[in-house]
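Written out below as structure tokens is the structure these notes cover.
In the working numbering, the protein residues as written are -11 to 94.
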């Protein structure tokens, strides 16, 4: 799907006023609501980054710079660009499922 089709689709979606998460989720801590709001900003330029999110006070108890590995190279998703038929997809799903259960009759 070309980017202009996606952009056109998004631009044609109905607009709704922003929901106040603190009102929608009154039992959730304000710091959790703050992180959620920052992660759900539509504009990726304005959205919180992964590094910023990891440093957010809500995740403070889980944040440990010494125990947060960084990927050495970007992931390669070129395989998603191939044109697979429905039959090809079914075959790939079958092969993947057999790795978890080699004898599907059981």
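Every residue gets a Cβ at the ideal spot worked out from N, C-alpha and C, and that includes glycine.
Since we're looking at a predicted model, the values are computed, not measured.
In three-state terms, what does DSSP make of residue i?
i	result
residue 78	helix
residue 49	helix
residue 93	coil
residue 83	helix
Note down the Cα distance separating residue i from residue j, rounded to an integer number of angstroms.
i	j	result
residue 16	residue 36	20 angstroms
residue 49	residue 89	38 angstroms
residue 85	residue 93	12 angstroms
residue -5	residue 60	32 angstroms
residue 20	residue 80	39 angstroms
residue 75	residue 5	43 angstroms
residue 22	residue -8	32 angstroms
residue 18	residue 10	7 angstroms
Could you check where the alpha helix (DSSP H) with residue i kicks off and where it finishes?
i	result
residue -5	-9 to 0
Is residue i a contact residue of the ligand FMN, with contact defined as CB to any heavy atom under 7 angstroms?
i	result
residue 75	As for the ligand FMN, it is missing from this structure, which has no ligand bound.
Scan the segment 13 to 72 and note each continuous alpha helix (DSSP H) run of 4 residues or more that stays entirely inside, going in chain order.
18 to 27 and 38 to 42
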